[in-house]
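Those letters in the sequence shown? Residues 20 to 99, per the working numbering, in order. Using N, Cα and C, we set each Cβ at its ideal position, and we do this for glycine too. Report on the following structure.
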Amino acid sequence: MKHYVSVCVPLASGQWRVSVPDVAGCEVEAYSLGEAIAHCTDALAQYSAALNGNRPGIPLPRDLCEIRSDDNWRSAHGVD
C-alpha cells in the first residue's frame with residue numbers, strides 16, 4: 020500500500036509550510052510544525068470528501084524518489 024508523501028518546509032518567517040505534492044493545492048502554512056501537519060491532514064480529508072467517492076479523481080501517490088526527481092514541483096514550491 021502506498022501513502023501520500025507530505026513535504027514540510029521551514030519558512031524564514033518562522034512558520035512551516037506542509038504540502039502534498041500529489042494533490043494539487045493541498046498546501047498549508049502554520050506557526051508550528053504540528054499545527055501545519057494537522058491543517059494539511061484536514062485539507063487532504065476535505066479534498067477526498069469533496070470528490071464524494073469519485074475514485075478516478077483521486078491522484079495516485081508517488082514514492083519519495085519520484086517526488087524528489089520532479090524538478091517542476093520542487094522549483095514551484097521552493098524545495099531543494
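Per DSSP, what kind of secondary structure is residue i in: helix, strand or coil?
{"i": "Arg93", "result": "helix"}
{"i": "Cys27", "result": "strand"}
{"i": "Arg87", "result": "helix"}
{"i": "Val42", "result": "coil"}
{"i": "Val98", "result": "coil"}
How many whole angstroms separate the CB atoms of residue i and residue j, which I take to be in contact at a CB cut-off of 8 angstroms?
{"i": "Val47", "j": "Tyr66", "result": "Not a contact, Cβ separation roughly 12 angstroms."}
{"i": "Ala55", "j": "Ala62", "result": "At roughly 10 angstroms, the Cβ-Cβ gap does not stay under 8 angstroms, so Ala55 and Ala62 are not in contact."}
{"i": "Pro40", "j": "Ile86", "result": "5 angstroms"}
Less than 7 angstroms between C-beta atoms, sequence neighbours within five positions excluded: which residues of the same chain meet that for residue i?
{"i": "His22", "result": "Pro80"}
{"i": "Pro78", "result": "Asp41, Val42"}
Starting from residue i, follow the beta strand (DSSP E) in both directions and report where the run begins and ends.
{"i": "Ala64", "result": "Taken as a continuous stretch (DSSP letters only), Ala64 belongs to no beta strand (DSSP E), being part of the alpha helix (DSSP H) at 52-69."}
{"i": "Ser38", "result": "35-38"}
Among the options, which residue has its Cα nearest to the Cα of residue i?
{"i": "Gly33", "options": "Val24, Ser25, Leu52, Ile86", "result": "Leu52"}
I'd like the list of long-range same chain contacts for residue i, defined as Cβ closer than 6 angstroms, with 5 residues on each side in sequence excluded.
{"i": "Val24", "result": "Leu83, Ile86"}
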